[in-house]
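The next block holds one structure in the form of structure tokens; read it before the comments.
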Amino acid sequence: MKLNTVNSLVLVTGTATLLFSAVSSASAFTVYTDRAAWEAAIASSIPPGWNTILTDTFSNDIASAQSITLDSGIVSTNSGPITLPNSFNNNSVSGGVYNNATQAGNGTASNTITWVFPSLKTWAFGADFISVNDGGLTLTGNFDGTGDQTLSVFAEIGGGTGFLGIVGMTKFDSVVFGNNSDIVDGFGIDNASHTVPEPLTMLGAGAAFAFGGAFKRKLGQAKKKDKNA
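With mature numbering (1 follows the signal peptide of the UniProt record, and there is no 0) applied, the sequence shown corresponds to residues -28 to -1, 1 to 201, in that order.
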């Protein structure tokens, strides 16, 4: 687990290194490389109603395309310069694995891959990565509400394969995969998880109140009916 205290962001998407200055007024987000620890942190620190974890196991194959919708509802979209589908099956799902590739500059793979969450907001995101290159794949998101932060996936998980999870200080609506190098980094994701709001929470406070009122009315009518029976 790594606690990242961000004071000054000195990079843009595609940079591999973040510089952090620890000050009391700074926001913080937490990076996990153990899925169990990440799940425990979600249960203990994320507000009630937002700590349900939805996991995409990629059980259904999806053909390569510029933009695809995963089983979990995440919309995965590749940027240029390439046009999908292609022979490398970038931005696709096959055999229980999500496949894609990134590359900085004008080459044979997309500069960025954007995942937009179906609930539009999430507090946490985590994934089991496969075959990540050293100095290649990056993960970017506005994890604390102060602007985008970028992590090197290989550096965070300590190798090419492993779990990387984020617990944010505020809700974020998307993550972006990029590359710090002009060398293509083809990678896979075995499982991808994020937190989602409970169904009633998604209705909003007004709708929830109306739902509660309707339920009370039905309950009252039932009691009255039983009394007159």
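C-beta: ideal position from N, C-alpha, C; glycine also. All of these numbers come straight from a predicted model, not from anything done at the bench.
According to DSSP, is residue 213 part of a helix, a strand, or is it coil?
The structure shown does not extend to residue 213, since the chain is modelled only from -28 through 201, so no value can be given for it.
Going by the beta-carbon positions, is the gap between residue 101 and residue 30 smaller than 8 angstroms?
With respect to the 8 angstroms criterion, residue 101 and residue 30 are not classified as neighbours on the basis of their beta carbons.
Alpha helix (DSSP H) containing residue 125: first to last residue?
Unbroken alpha helix (DSSP H) run through residue 125: 125 to 129.
Is the Cβ-Cβ distance between residue 151 and residue 76 less than 8 angstroms?
Yes, the Cβ-Cβ distance between residue 151 and residue 76 is below 8 angstroms.
Kindly indicate which three-state DSSP category residue 180 falls into: helix, strand or coil?
Here the model assigns residue 180 a pLDDT of 37, short of 50, so the residue's position is not dependable and the matter cannot be decided.
Using only alpha-carbon positions, find the residue among 78, 142, 108 that is nearest to residue 127.
When each option's Cα is compared against that of residue 127, the closest is 108.
At the level of alpha carbons, what is the spacing between residue 39 and residue 12?
Roughly 32 angstroms between the two C-alpha positions.
Kindly say whether residue 150, judged by its beta-carbon, lies nearer than 8 angstroms to any beta-carbon of chain B.
The structure shown contains no chain B, having only a single protein chain.
Assign residue 72 to buried or exposed, taking buried as 16 or more other Cβ atoms, counted over all protein chains shown, within 10 Å of its Cβ.
Result: buried.
I'd like to confirm the pairing. Which residues does DSSP put opposite residue 157 in its beta bridges?
74.
For residue 26, collect the residues of the same chain with a Cβ closer than 7 angstroms to its Cβ; drop the 5 residues on either side in sequence, then sort them by chain order.
Sequence-distant partners of residue 26 (beyond 5 residues in either direction) whose C-beta falls short of 7 angstroms from its own C-beta, in its chain, are 44, 165, 166, 168.
Reference residue 115; option with closest CA among 137, 105, 130, 99:
Per the Cα distances, 137.
Can you look up residue 10 in the DSSP assignment and give me helix, strand or coil?
In this structure, residue 10 counts as helix in the three-state DSSP scheme.
So what does DSSP say about residue 93, is it helix, strand or coil?
Three-state result, residue 93: coil.
Alpha carbon to alpha carbon, how far is residue 155 from residue 84?
C-alpha separation (whole angstroms): 13 angstroms.
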